[in-house]
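Below: the structure, in structure tokens.
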Amino acid sequence: MKEADVVIFTLPYPLVSAQLKIIEAIKAAGNIQRFLPSEFGIEEDRIAVLPPFQAFLDKKKCIRRAIEAAGIPYKLLRCLFR
């Protein structure tokens, strides 16, 4: 990551937690200007969900909080259904 400016994480749901390792690597590299996490979906803080989906949303919240705590510049891309 020492020679990258942007990191885009697009792996599927089973690997969503792998982003925590990527966040640590980005923080260690210190040169990443923007991180786009695997966040193609909904705003998890603004919806009510059924129990099977709750575990997935909890992981997404944990990842977003880790990005914010690490101070990494990031952008969330979400589909807004109205």
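42 is the number that the UniProt record's numbering gives to position 42 of the sequence shown; each next residue is one higher, with no gaps.
All C-beta atoms, glycine included, are put in the ideal place defined by N, C-alpha and C.
None of the values given here were measured: they were computed from a predicted structure.
- According to the DSSP assignment, PHE35 belongs to the beta strand (DSSP E) that extends over 34–36.
- For secondary structure counted as the alpha helix (DSSP H) over 4 or more consecutive residues, the segment 38–78 holds these complete runs in sequence order: 51–70.
- Counting the other Cβ atoms within 10 Å of the Cβ of GLU24 gives fewer than 16, which makes it exposed.
- Secondary structure note for GLU24: its alpha helix (DSSP H) is the uninterrupted segment 19–29.
- The beta-bridge partner set that DSSP reports for VAL7 consists of PHE35.
- For LYS21 and PRO12, the gap between their C-alpha atoms comes out near 15 Å.
- Approximately 5 Å separates the beta-carbon atoms of VAL6 and ARG34; this is inside 8 Å, confirming the contact.
- DSSP places PRO12 outside both helix and strand once states are collapsed to three, so it counts as coil.
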